[in-house]
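As structure tokens, the structure follows; a few thoughts come after it.
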Amino acid sequence: MTRSAANIFIRKDSSPVLIDFGSARQALGVATQTLTSLVSPGYAPFEQYHSKSNQQGPWTDIYGLAATMYRAICGRAPLDAVDRSN
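Using my numbering, you'd call the opening residue of the sequence shown number 194 and step up by one each time.
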């Protein structure tokens with residue numbers, strides 16, 4: 194089994210399915226914003242580690258997509274944003 198980001202599910206036919214869109218959920222309203230506090234180390238930008246949801250937006254998902262592309266190209270997960278900031 195190939196390890197992937199926690200929000201990418203690999204089906205039996207090996208096709209990937211993205212099961213979470215953080216900023217799309219955020220756009221639905223305040224009631225769902227607490228769900229965006231979960232992070233996938235290596236795939237979450239630094240601002241996603243903070244509880245202030247106004248620091249997240251479409252760029253949050255773009256970061257996650259870029260991290261996923263990095264994983265696909267390099268064969269390993271990117272460094273965690275918090276570790277990289279040190």
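Ideal Cβ positions, reconstructed from N, Cα and C, are used throughout, including at glycine. All of these numbers come straight from a predicted model, not from anything done at the bench.
With respect to the C-alpha of leucine 211, the residue from Gln241, Phe239, Asp254, Gly250 having the closest C-alpha is Asp254. Secondary structure note for proline 271: it is in no alpha helix (DSSP H), with a DSSP letter that is neither H nor E.
By the C-beta density criterion, arginine 269 is exposed, having fewer than 16 other C-beta atoms within 10 angstroms. Relative to arginine 264, the option among Gln248, Asp206, Arg204, Pro234 whose CA is nearest is Pro234.
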